[in-house]
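Peer 1: Going letter by letter, the sequence shown gives residues 64 to 286 in our numbering. Heads up, the beta-carbon is just placed ideally off N, CA and C, and yes, glycines get one too. Here it is: the structure, laid out below.
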Amino acid sequence: MKRFNFSLRKPTQSIYLIVLFINIFFWIISELIFDGSSNILITMGANYAPYVKKGETWRLLFSIFLHSGISHLIFNSIALLAFGNLIEQLFGKRNFLILYLCSGITGSAFSVALNNNAISVGSSGAVFGLLGSLMIYYFYIRKFNPIYAKNNLIGIVILLVINLFYGLTYPRVDNWAHLGGLLGGVFSSSMLLYFNVRNNINLIISILSFIIWGYMIFLLINT
């Protein structure tokens, strides 16, 4: 296991801001140019189980950049602004993108498998994955900086519990996407933190782990 450098680093380019601008761009197209209806969202790539199971698996990715309504976009944008920069500094910009996409796709897959009558859009599954990755990060560094890690870990867990509870009380929230995104973030951040990719054996283990993750996604959307 390699020891990470836990000092915050300044990314040369903010990937999270690029993701934010992509979200805004697609929202402008769906809401301001068109009418923002369910049909428009489906045309643009909303996650919808009947279509995904017919082979349109690209929806698992495209749907995380779409949003239904301005409040939906604002909420997820605030979360991305709140945690995106921190994740980039802790994990690096490339790994931020890996975490974001793996979490979002896993959330979409859970939605297809367990919420298959709904049209699902939004980056909240990916945001939950970012929170999950922070939780794993603080758990990982607890031996090096126990007080700092414990305080932040408790804060992240409380935030997750509050958001998951809110999702259970609001019928339009895709809770399966949130749960799947959280698990995707936990999984992918664990792979990034615990395996030193410069070591050949651990590189193979890491690659195999992501292959298994991909196979699990395949099984989920084909159940």
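Suppose you measure from the CA of I150 to the CA of M279; what does that come to, to the nearest Å?
Peer 2: Each residue's Cα considered, the two are about 25 angstroms apart.
Peer 1: Going by alpha carbons, who is nearest to S251 out of G195, I133, L282?
Peer 2: Checking every option, the nearest Cα to that of S251 belongs to G195.
Peer 1: On a Cα-Cα basis, can you pick out the residue from V190, Y203, V236 that is closest to A142?
Peer 2: If we check each option's Cα against that of A142, V190 comes out closest.
Peer 1: Per DSSP, what are the beta-bridge partners of N139 in this structure?
Peer 2: Answer is none; N139 lacks a bridge partner.
Peer 1: Identify the continuous alpha helix (DSSP H) that holds N122 and give its terminal residues.
Peer 2: The displayed chain sequence assigns Arg, not Asn, to residue 122. Where R122 is concerned, the enclosing alpha helix (DSSP H) stretches over 122 to 125.
Peer 1: Does the distance from the CB of H241 to the CB of G248 come in under 7 angstroms?
Peer 2: Their beta carbons are not under 7 angstroms apart, which means H241 does not touch G248 by this criterion.
Peer 1: Less than 7 angstroms separating the beta-carbons of N44 and F125?
Peer 2: Outside the modelled stretch of the chain, which goes from 64 to 286, sits residue 44, for which no answer is possible.
Peer 1: Rounded to the nearest angstrom, what separates A181 and R122 at their Cα positions?
Peer 2: Going by the C-alpha atoms only, they are around 13 angstroms apart.
Peer 1: Taking 7 angstroms as the cut-off, decide whether the C-beta atoms of N139 and S187 are in contact.
Peer 2: Closer than 7 angstroms, so yes.
Peer 1: Label T232 either buried or exposed according to how many other C-beta atoms from any shown protein chain fall within 10 Å of its C-beta, with 16 as the threshold for buried.
Peer 2: Looking at its Cβ environment, which holds fewer than 16 other Cβ atoms inside 10 Å, T232 is exposed.
Peer 1: Taking F250 as part of the alpha helix (DSSP H), name the residues at either end of that continuous run.
Peer 2: Counting along the chain, the alpha helix (DSSP H) containing F250 begins and ends at 238 to 257.
Peer 1: Measuring from the CB of L124, is there a heavy atom of the ligand ATP at a distance below 6 angstroms?
Peer 2: The model depicted lacks the ligand ATP and carries no ligand whatsoever.
Peer 1: If you pair each beta-carbon of the stretch 146 to 164 with each one of the stretch 76 to 83, do three or more pairs fall below 8 angstroms?
Peer 2: Yes, they touch.
Peer 1: Output the distance between the C-alpha atoms of Y201 and I217, rounded to the nearest integer angstrom.
Peer 2: C-alpha separation (whole angstroms): 9 angstroms.
Peer 1: Helix, strand or coil, according to DSSP, for N110 in the structure here?
Peer 2: Strand.
Peer 1: Which residue from W276, L256, N285, W239 puts its Cα closest to that of S183?
Peer 2: The candidate whose alpha carbon is nearest that of S183 is W239.
Peer 1: If we call anything under 7 angstroms between Cβ atoms a contact, is Y203 one with L256?
Peer 2: Yes, the pair counts as a contact, with Cβ atoms nearer than the cut-off.
Peer 1: Between which two residues does the alpha helix (DSSP H) carrying N180 extend?
Peer 2: Premise fails: N180 is in no alpha helix (DSSP H) and is neither H nor E.
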